[in-house]
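> What follows is a structure written as structure tokens; I'll ask about it next.
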Amino acid sequence: MTRFIHDQFAKDYLEELLSSLGEVKSARVVRGEVREIDVWFSPNI
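Counting from 1090, one number per residue, gives the positions in the sequence shown under the working numbering.
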């Protein structure tokens, strides 16, 4: 559950926008200190 409705809209929008260009994952945990990013994008090369 996101804190604000526009947060979920932005995540969904970015996922749809970038999906044709590469791999997109939402709510991904980042190594190191416990952190979480909203959107992970890895371009197709």
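We treat Cβ as the ideally placed atom computed from N, Cα and C, and that holds for glycine.
Cβ of E1125 within 9 Å of Cβ of R1117?
Counting from one through the sequence shown, the residue named residue 1125 turns up at place 36. Counting from one through the sequence shown, the residue named residue 1117 turns up at place 28. Cβ atoms of E1125 and R1117: closer than 9 Å.
> Quick check: L1107 and V1128, are their CB atoms within less than 9 Å of each other?
For the purposes of this step, residue 1107 is identified with residue 18 of the sequence shown, where counting begins at 1. For the purposes of this step, residue 1128 is identified with residue 39 of the sequence shown, where counting begins at 1. Yes, these two residues count as a Cβ contact at 9 Å.
> What did DSSP end up calling E1104 once you bin it into helix, strand or coil?
Along the sequence shown, read from residue 1 onward, the residue named residue 1104 stands at position 15. Helix.
> Between the C-alpha atoms of V1113 and I1134, what's the straight-line distance to the nearest angstrom?
For the purposes of this step, residue 1113 is taken as the residue at position 24 of the sequence shown. For the purposes of this step, residue 1134 is taken as the residue at position 45 of the sequence shown. Cα-Cα distance, rounded: 14 Å.
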